[in-house]
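Colleague: Once you've had a glance at the structure underneath, I'll fire off some questions.
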Amino acid sequence: MAEGIKLRDLPGSLLDQDEPVFKEPWQARAFALACALQEQGVFSRAEWAEHLGRTISKAQDEGDQDLGDTYYQHWLNCLEELTVSKGLATREDLISGKQSAHEAHQRMHEELGHFHSHSHSHHHADENH
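Counting in our numbering, the sequence shown runs from 142 upward without gaps.
Following this line, the structure appears as structure tokens:
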């Protein structure tokens, strides 16, 4: 079992930034999930770092300009891949969960009277694997 995660072990210099670490709630959730899975021993810090590095390299090879705005998207993609490879979920589970989350998000907006279409995109790991 992995030891508890210390602040000094978190990636980058999270404590030294002037801006919020997470710009969107899903980024914080992805970060927390990765930390929790590591703490529970699902994967090691080294395994996470290696897989995340490959995920980022693949994205750069596919045209990601690495401006920092896609960093947590890489976390999410890496989490999805590790979740499937470790047998914690299937790709179908992930697709179904994304659809349910999107529908709940839409219902929330409708209930609050915020009718709008999303002009932003929701990028996730390739769902066709």
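Glycine residues also receive a C-beta, built at the ideal position from the N, C-alpha and C atoms.
Would you mind sorting I197 into buried or exposed? The rule is 16 or more other CB atoms within 10 Å of its CB.
Modeller: Residue mapping note: residue 197 aligns to position 56 of the sequence shown, counting from 1. By the 10 Å Cβ count, I197 comes out buried.
Colleague: For a minimum of 4 consecutive residues, which ranges assigned as the alpha helix (DSSP H) are wholly contained in the stretch 206-262?
Modeller: With a minimum length of 4 residues, the continuous alpha helix (DSSP H) runs that stay inside the stretch 206-262 are 212-226, 232-252.
Colleague: Alpha carbon to alpha carbon, how far is Q240 from Q247?
Modeller: Numbered from 1 along the sequence shown, position 99 holds the residue referred to as residue 240. Numbered from 1 along the sequence shown, position 106 holds the residue referred to as residue 247. Taking the straight line joining both Cα atoms gives about 11 Å.
Colleague: Near D205, which residues of its chain fall below 7 Å by C-beta distance, leaving aside the five closest residues on each side in sequence?
Modeller: As a first step, residue 205 is located in the sequence shown; it is residue number 64 there, counting from the start. Closer than 7 Å at the Cβ level, and outside the excluded window around D205, lie T211.
Colleague: Please name the residue in R195, E203, A242, D202 whose C-alpha comes closest to that of L220.
Modeller: Here residue 220 refers to the residue found at position 79 of the sequence shown. Cα-wise, what sits closest to L220 is R195.
Colleague: What three-state label does DSSP hand F163 in the structure shown?
Modeller: Start at 1 with the first residue of the sequence shown, and residue 163 comes out as number 22. Coil, per DSSP.
Colleague: In three-state DSSP terms, what is F184?
Modeller: The count along the sequence shown starts at 1 and reaches residue 184 at position 43. Coil at F184, not helix or strand.
Colleague: Comparing C-alpha positions only, which one of Q179, H215, H192, A187 sits nearest to W167?
Modeller: Taking the first residue of the sequence shown as 1, we reach residue 167 at position 26. W167 has its Cα closest to that of H215, out of Q179, H215, H192, A187.
Colleague: Output needed for T231: all residues of its chain with C-beta closer than 7 Å, excluding positions within five of it in sequence on either side, in chain order.
Modeller: Along the sequence shown, read from residue 1 onward, the residue named residue 231 stands at position 90. Within the same chain, T231 has close Cβ partners V225.
Colleague: CB-CB under 7 Å to D207, same chain, minus the five flanking residues each way: which ones, in chain order?
Modeller: One-based indexing of the sequence shown puts residue 207 at position 66. Excluding residues within five positions, the ones whose Cβ falls inside 7 Å are Q201.
Colleague: Given a threshold of 16 other Cβ atoms within 10 Å of its Cβ, counted over all protein chains shown, does A105 qualify as buried or as exposed?
Modeller: A question about residue 105 goes unanswered here, because the residues of the chain that appear run from 142 up to 270.
Colleague: If L217 sits next to A171, beta carbons under 8 Å apart, how far is it from one beta carbon to the other, in whole angstroms?
Modeller: As a first step, residue 217 must be located in the sequence shown, where it is residue number 76. As a first step, residue 171 must be located in the sequence shown, where it is residue number 30. L217 to A171, Cβ: 5 Å. Contact.
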